[in-house]
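Number of protein chains: 2
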Amino acid sequence: MANKVFVGTSLDGYIADRDNGLDFLESVPNPDGHDLGFVSFMKSVDAVLMGRKTFEAVLSFDMPWYAKPVFVFSSTLKEVPAQLQGKVEIVSAPLKEVIKVLTVQGMKDFYIDGGQLIQSFLAEDMIDELIVTQVPVLIGDGTPLYGLLPRHLEFELVKSEVLLQALVQSHYRRLRKESKEPVYE
Amino acid sequence: MANKVFVGTSLDGYIADRDNGLDFLESVPNPDGHDLGFVSFMKSVDAVLMGRKTFEAVLSFDMPWYAKPVFVFSSTLKEVPAQLQGKVEIVSAPLKEVIKVLTVQGMKDFYIDGGQLIQSFLAEDMIDELIVTQVPVLIGDGTPLYGLLPRHLEFELVKSEVLLQALVQSHYRRLRKESKEPVYE
Chain P
1 MANKVFVGTS LDGYIADRDN GLDFLESVPN PDGHDLGFVS FMKSVDAVLM GRKTFEAVLS
61 FDMPWYAKPV FVFSSTLKEV PAQLQGKVEI VSAPLKEVIK VLTVQGMKDF YIDGGQLIQS
121 FLAEDMIDEL IVTQVPVLIG DGTPLYGLLP RHLEFELVKS EVLLQALVQS HYRRLRKESK
181 EPVYE
Chain L
186 MANKVFVGTS LDGYIADRDN GLDFLESVPN PDGHDLGFVS FMKSVDAVLM GRKTFEAVLS
246 FDMPWYAKPV FVFSSTLKEV PAQLQGKVEI VSAPLKEVIK VLTVQGMKDF YIDGGQLIQS
306 FLAEDMIDEL IVTQVPVLIG DGTPLYGLLP RHLEFELVKS EVLLQALVQS HYRRLRKESK
366 EPVYE
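So the sequence lines, in the order shown, correspond to chains P and L. So the first sequence is numbered by the working numbering: it starts at 1 and just counts up by one. So the second sequence is numbered by the working numbering: it starts at 186 and just counts up by one.
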């Protein structure tokens, strides 16, 4: 059972620029349409969990819809667009409860997507795998991937590789050994 | 001629924790005292430039002093400790002027050290090489390596390697081609 993040960031850790733009993520030429491991990653999860803002952003992209069930965390959204009925469900319970319910339904591995949802999962130490692809550009401002944490979270490096001669993709797994780091109250 | 950064950060981009601690940088076991490329890096520069805070932090460390001349940016510091006379000089001119003066003195390659000084150099697009070693821990708060920038700065990836089976060290070089990124005013 694992909650996984698969995300691209600028060198300074942003997932979108200050105008919510994602162009910087495409600044590296990719003539052959390398999927950067995304297809294989998607095969490794049973469902996609995302926040409302990410859902709305994704809706606006011209891309094929996810092959896995999508759950959108939102307390304001009431229904999903007609063409996504049956593919998308809105949830609004606390993270742990949602995971518990989905687990009871037989799902085990989750793709946690969207800046705020990732931060919420990390704040509760509920992320098990982190696959981060760093694009070699500093953008200086925008939506940061990481946020405040109640304590240090140690990871082990599973693998790191260079893609397209420009991107550094590193795969981390949460190390939940006894930590000597301070727990902030 | 190059201004270079050689720095260790947490996965979330901090160079010190919120108590100015650096323990997290040592969280990866290093039984053989691997220098992570620092000795070879130091050979590649002619001088070290740092801010006042970094200078004072470095003074408090029990470590051998730099083999290269050190220049400390400060408008408040008036003199250096007796044992460092001749090894450390205080400078307070604008960055470009300091680099110009040192270049006239025959120095070409500079190690730019310390969070604030690195940010100032980046803000003026005066960093040519960036060697960042990422430690696999999220600390959530502290002194960030990167700051606001007037525009996007693109780099090319020179090399990325895994050290001590845990650290990802990536070497970037500034790409000063015509950029299509927006310039923020």
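Backbone N, C-alpha and C fix where the C-beta goes; we use that ideal spot for every residue, glycine too. Computed from a predicted structure; not experimentally measured.
Collapsed DSSP secondary structure at residue i in the structure displayed
{"i": "P/Leu186", "result": "Lying before the first or after the last residue shown, residue 186 of chain P is absent from chain P, which here runs from 1 to 185."}
{"i": "L/Gln268", "result": "helix"}
{"i": "P/Arg52", "result": "helix"}
{"i": "L/Glu370", "result": "Per-residue confidence for L/Glu370 stands at a pLDDT of 44, beneath the threshold of 50, marking its modelled position as unreliable; the derived number appears in the next sentence. Three-state DSSP puts L/Glu370 in coil, outside helix and strand."}
{"i": "P/Ile131", "result": "strand"}
{"i": "L/Ser355", "result": "strand"}
{"i": "L/Val286", "result": "helix"}
{"i": "P/Phe61", "result": "coil"}
{"i": "L/Gln350", "result": "coil"}
{"i": "L/Val213", "result": "coil"}
{"i": "L/Asp224", "result": "A small fix is needed here, since residue 224 of chain L is Val in this sequence, not Asp. Looking at L/Val224 - three-state DSSP - the assignment turns out to be helix."}
{"i": "L/Leu338", "result": "strand"}
{"i": "L/Leu207", "result": "coil"}
{"i": "L/Gly300", "result": "helix"}
{"i": "L/Lys263", "result": "coil"}
Under 8 Å by beta carbon: chain L residues contacting residue i
{"i": "P/Gln165", "result": "Leu342"}
{"i": "P/Ile29", "result": "The question names Ile, yet the displayed sequence has Pro at residue 29 of chain P. Near P/Pro29 there are no residues of chain L at all, since even the closest Cβ is about 12 Å away, more than 8 Å."}
{"i": "P/Val168", "result": "Leu342, Ser345, Val353 and Ser355"}
Minimum C-alpha distance to residue i - residue among the options
{"i": "L/Phe258", "options": "L/Phe191, L/Gly271, L/Val233 and L/Ala252", "result": "L/Val233"}
{"i": "L/Gly218", "options": "L/Leu349, L/Tyr296 and L/Asn205", "result": "L/Leu349"}
{"i": "P/Thr133", "options": "P/Gly37, P/Tyr111 and P/Gly115", "result": "P/Gly37"}
{"i": "L/Val190", "options": "L/Leu302, L/Val347 and L/Ala351", "result": "L/Leu302"}
{"i": "L/Leu210", "options": "L/Leu262, L/Gly193, L/Phe226 and L/Pro216", "result": "L/Gly193"}
{"i": "P/Leu77", "options": "P/Gln83, P/Glu89, P/Ala16 and P/Lys68", "result": "P/Glu89"}
{"i": "L/Gln290", "options": "L/Asp231, L/Asp247 and L/Phe246", "result": "L/Asp231"}
{"i": "P/Phe71", "options": "P/Leu157, P/Gly51 and P/Ala166", "result": "P/Gly51"}
{"i": "P/Glu144", "options": "P/Ile112, P/Leu11, P/Ile15 and P/Met1", "result": "Per the sequence shown, residue 144 of chain P should be read as Pro rather than Glu. When only C-alpha atoms are compared, the closest one is P/Ile15."}
{"i": "P/Leu95", "options": "P/Asp35, P/Pro69, P/Ala67 and P/Ile127", "result": "P/Ile127"}
{"i": "L/Lys272", "options": "L/Ile284, L/Pro254, L/Glu264 and L/Glu282", "result": "L/Pro254"}
{"i": "P/Lys43", "options": "P/Gln169, P/Asp35, P/Ala67 and P/Ser10", "result": "P/Ala67"}
{"i": "L/Val224", "options": "L/Ser305, L/Pro216, L/Gln304 and L/Trp250", "result": "L/Trp250"}
Beta-carbon neighbours of residue i, restricted to chain P and to distances below 9 Å
{"i": "L/Ile303", "result": "In chain order: nothing, as chain P lies at least about 11 Å away."}
Cβ pair residue i, residue j closer than 9 Å
{"i": "L/Pro214", "j": "L/Leu244", "result": "no"}
{"i": "P/Leu153", "j": "L/Val322", "result": "yes"}
{"i": "L/Phe240", "j": "L/Gly299", "result": "yes"}
{"i": "P/Gly13", "j": "P/Tyr146", "result": "yes"}
{"i": "P/Arg174", "j": "P/Leu130", "result": "yes"}
{"i": "P/Gly21", "j": "L/Leu333", "result": "no"}
{"i": "P/Ala166", "j": "L/Leu307", "result": "no"}
{"i": "L/Tyr296", "j": "L/Phe246", "result": "no"}
{"i": "L/Ala187", "j": "L/Asp294", "result": "yes"}
{"i": "P/Leu84", "j": "L/Phe340", "result": "no"}
{"i": "L/Ser345", "j": "P/Ser75", "result": "no"}
{"i": "P/Val168", "j": "L/Val353", "result": "yes"}
7 Å Cβ cut-off: residues of chain P touching residue i
{"i": "L/Asp298", "result": "By Cβ distance, chain P contributes nothing, its closest Cβ being about 18 Å from L/Asp298, past 7 Å."}
{"i": "L/Gly198", "result": "Asp12 and Gly13"}
{"i": "L/Val322", "result": "His152, Leu153, Glu154 and Phe155"}
Any non-hydrogen atom of the ligand PLP closer than 8 Å to residue i Cβ
{"i": "L/Thr318", "result": "Here there are no bound small molecules, and the ligand PLP is not part of this structure."}
Neighbouring residues, chain L, relative to residue i (Cβ below 9 Å)
{"i": "P/Gly140", "result": "Leu307, Ala308, Tyr331, Gly332, Leu333, Leu334, Pro335, Arg336, His337, Leu338 and Tyr369"}
Identified DSSP bridge partners for residue i
{"i": "L/Gly193", "result": "L/Thr318"}
{"i": "P/Asn3", "result": "P/Phe110"}
{"i": "L/Pro329", "result": "L/Tyr199"}
{"i": "P/Lys159", "result": "P/His171"}
{"i": "L/Leu307", "result": "According to DSSP, L/Leu307 bridges with nothing at all."}
{"i": "P/Leu138", "result": "L/Leu338"}
{"i": "P/Val70", "result": "P/Val48 and P/Val88"}
Listed by chain order, chain P residues near residue i by CB distance under 8 Å
{"i": "L/Val347", "result": "Leu157 and Ser160"}
Chain A within 9 Å of residue i, Cβ atoms only
{"i": "P/Asp17", "result": "Absent from the structure is chain A; the protein chains it does hold are P and L."}
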